[in-house]
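J.:
Chains as they are written, first to last, in this note's numbering: chain A, 1 to 328; chain B, 1001 to 1212.
(1) Do residue 164 of chain A and residue 55 of chain A have their beta-carbon atoms positioned less than 8 Å apart in this structure?
(2) Spell out the partners DSSP gives residue 1080 of chain B in its beta bridges.
(3) What did DSSP end up calling residue 1011 of chain B once you bin it into helix, strand or coil?
(4) List, in order along the chain, the chain B residues whose C-beta lies closer than 7 Å to that of residue 165 of chain A?
(5) I want to know whether the stretch 1143-1152 of chain B touches the stretch 1093-1105 of chain B - three or more CB-CB distances under 8 Å.
(6) In terms of alpha-carbon separation, which member of A:311, A:71, A:27, A:59 lies closest to residue 1008 of chain B?
(7) On the CB-based measure, 16 or more other CB atoms within 10 Å of its CB, does residue 3 of chain A come out buried or exposed?
(8) What does the alpha-carbon distance come out to for the pair residue 1039 of chain B and residue 328 of chain A?
(9) What are the boundary residues of the alpha helix (DSSP H) that includes residue 1146 of chain B?
(10) Quick check: what's the CA-CA separation for residue 1159 of chain B versus residue 135 of chain A?
(11) How big is the Cα-Cα spacing for residue 1084 of chain B and residue 253 of chain A?
(12) So is residue 79 of chain A buried or exposed if we call it buried at 16+ other beta carbons inside 10 Å?
(13) Should residue 311 of chain A go down as buried or exposed, given a rule of 16 or more other Cβ atoms within 10 Å for buried?
(14) Tell me where the beta strand (DSSP E) around residue 1118 of chain B begins and ends.
(15) Looking at the secondary structure, which residues open and close the beta strand (DSSP E) in which residue 1132 of chain B lies?
(16) Verify whether the separation of the beta carbon atoms of residue 1091 of chain B and residue 41 of chain A is less than 8 Å.
(17) Mapping the DSSP letters down to three states, classify residue 263 of chain A as helix, strand or coil.
(18) Taking residue 1182 of chain B as the reference, which of B:1212, B:1140, B:1071 has the closest Cα?
(19) Going along the chain, which residues of its own chain have a beta-carbon closer than 6 Å to the beta-carbon of residue 1164 of chain B, five neighbours each way excluded?
(20) At a CB-CB cut-off below 9 Å, which residues of chain B make contact with residue 264 of chain A?
(21) With a threshold of 16 other CB atoms inside 10 Å of the CB of residue 193 of chain A, please say whether the residue is buried or exposed.
(22) With a 10 Å radius around its C-beta and 16 neighbouring C-beta atoms as the bar for buried, classify residue 1191 of chain B as buried or exposed.
(23) Residues of chain B with CB closer than 8 Å to the CB of residue 183 of chain A, please, in chain order.
(24) In its own chain, which residues sit with a C-beta less than 6 Å from the C-beta of residue 1061 of chain B, not counting the 5 before and 5 after it?
(25) On the criterion of 16 or more Cβ atoms from any shown chain inside 10 Å, does residue 1212 of chain B qualify as buried, or is it exposed?
(26) Could you pull out every residue in the same chain whose Cβ sits closer than 8 Å to the Cβ of residue 1141 of chain B, ignoring the five residues on either side in sequence?
(27) Going straight from the alpha carbon of residue 1113 of chain B to that of residue 1087 of chain B, what length do you get?
(28) Please compile the residues from chain B whose C-beta is within a distance smaller than 7 Å of the C-beta of residue 177 of chain A.
(29) Among the candidates B:1177, B:1189, B:1162, B:1003, whose CA atom is the shortest distance from the CA of residue 1075 of chain B?
(30) Span of the alpha helix (DSSP H) holding residue 191 of chain A?
(31) Count the other CB atoms within 10 Å of the CB of residue 189 of chain A; is the residue buried (16 or more) or exposed (fewer)?
(32) To the nearest angstrom, how far is the alpha carbon of residue 1206 of chain B from that of residue 85 of chain A?
(33) Check whether chain B comes within 8 Å of residue 18 of chain A, counting only Cβ atoms and requiring the distance to be less than that.
(34) Against residue 1022 of chain B, what residues of chain A qualify as contacts under a CB-to-CB distance less than 7 Å, listed in chain order?
(35) Residues in the same chain with beta-carbon distance under 8 Å from residue 1242 of chain B, minus the five sequence neighbours each way, listed in chain order, please.
(36) Hey, which unbroken runs of the alpha helix (DSSP H) at 4 residues or more fall wholly within the stretch 216-242 of chain A?
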């Protein structure tokens, strides 16, 4: 599961003039032919930096995203749900491992990525800074946050970087279960007792805001964005992803007799586009920069796990070990 | 004051609330070395690359790879090799054969005795390396030459990995039962959730309610 909302700011590497023109042309021709880039290929610095950032954020989102659902494992209603919830959380942590490895092939070590996560230097999907108050919140995450993630990941799997595509193919295959599991859980509540319906509606109301910000603000179309799209780093605009999500899931919410807490939400039949109240981007910015209900808790929990496990890792470390980055 | 959470287990950790000093950067090798994993989907199929794991040694790498790469889908065999022990050719373009582009020189160092090497081919960029076969040689370079002669005809091959057979930890024939429980865990499969039945039933009940 993963939040989009990548803000592709221009970096100081944006200046392609410093790149070797012959190599750059060869690189671009390879992508234009539909070939994937593999780790030892020559690549522009901008390509490398943006991919590291994007894959690393994706990995952090998986590992932090496991927390709000993980918290409900012990309190899941019934054995079967407990098993399924556990399997899902295990998948998410496994996805983080796959993604950290894909980012490592580009030259950033896993140690550095984890340090940057814990010290707040790199981000993860903002939705996980919100709490899962009830079992119903956990169900909404399993269904709709994963649904959003799948929209994103299906697009990114077609990107140009080989190791990221390989990781995403495996991730998408595993997520098929998450989506069905989440949908089933929500349907169970929505078609249950009045109390259950009330719970799931309340959870949906709480999560709608974060879900709408999930894909990030509208992209500013700049030469920078165009370059990243040409290089197949960014595969769809944030708005395209949001529209696709609404198209696929709003009807599924409505058919359960649930309501979406946005009176302006409707599909414009002429344009085929969904219209909605603009999400609260000020809140989004405030929360992503640290001032959300769970930011401190998420990082503190992650940090504690790292610190408490450190002695075990030290004890196991082979003194002759030598780091070599993964091959693919 | 300590951090209060909705999850009582987190509250019980007594974590500090408010500003905390930055964590010291993780030391080098805190996350161990890397190993590459190859799985066998079914009896008789070639082993295929699935991805890396970080581990302190080969045995733990095997356990991690088993969890990471074979817990959800059919698997009958698993190979593990330390990344450091795998030699890699440059990558050719799609449709090309990398063996045609390599000038394989005389090896500087060879062992006294010939030994087996495992050869993996990548047929297309973005796909996974697949085990192509085993050759006997006295060095990595000779193994590559042998691979070209014996296995390199059928292109395209965009990349080759060469690893000594003794450096590959292979799951044993006797260990196959470790994967037998995979099909039993139906709750991990999308197909186990018959959600449409519930929705249809719900809609019909709603219709009946309004009709009454």
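Glycine included, each C-beta is placed from N, C-alpha and C at the ideal position. Only a predicted model underlies this, so the values are computations on that prediction, with no experimental measurement involved.
T.: So, from the data block:
(1) Closer than 8 Å, so yes.
(2) B:1037, B:1169
(3) helix
(4) 1126
(5) yes
(6) A:71
(7) At residue 3 of chain A the pLDDT is 48, less than 50, meaning the model places this residue with poor confidence; the figure from the coordinates comes in the next sentence. Note on residue 3 of chain A: 16 or more other CB atoms within 10 angstroms of its CB, so buried under the neighbour-count rule.
(8) 15 Å
(9) Looking at the DSSP string, the run of the alpha helix (DSSP H) that includes residue 1146 of chain B is 1140-1151.
(10) So the two alpha carbons sit approximately 48 Å from each other.
(11) 51 Å
(12) exposed
(13) exposed
(14) 1115-1122
(15) 1130-1137
(16) yes
(17) coil
(18) Minimum Cα distance to residue 1182 of chain B is reached at B:1071.
(19) Once the five neighbours on either side are set aside, the close Cβ partners of residue 1164 of chain B are 1117.
(20) Within chain B, no residue comes near residue 264 of chain A; the closest Cβ sits about 26 Å away, beyond 9 Å.
(21) exposed
(22) exposed
(23) For the C-beta of residue 183 of chain A, the chain B residues within less than 8 Å are, from N- to C-terminus, 1193, 1195.
(24) 1035, 1053, 1055, 1080
(25) Exposed: under 16 other Cβ atoms inside 10 Å.
(26) 1104, 1105, 1106, 1107
(27) Approximately 19 Å, taken between the alpha carbons.
(28) 1188, 1189, 1190
(29) For residue 1075 of chain B, the nearest C-alpha among the options comes from B:1177.
(30) Where residue 191 of chain A is concerned, there is no enclosing alpha helix (DSSP H), given that its DSSP letter is neither H nor E.
(31) Residue 189 of chain A comes out buried.
(32) 30 Å
(33) no
(34) 119
(35) Past the boundaries of the shown model lies residue 1242 of chain B; chain B is included only from 1001 to 1212, so the question cannot be answered.
(36) 223-230
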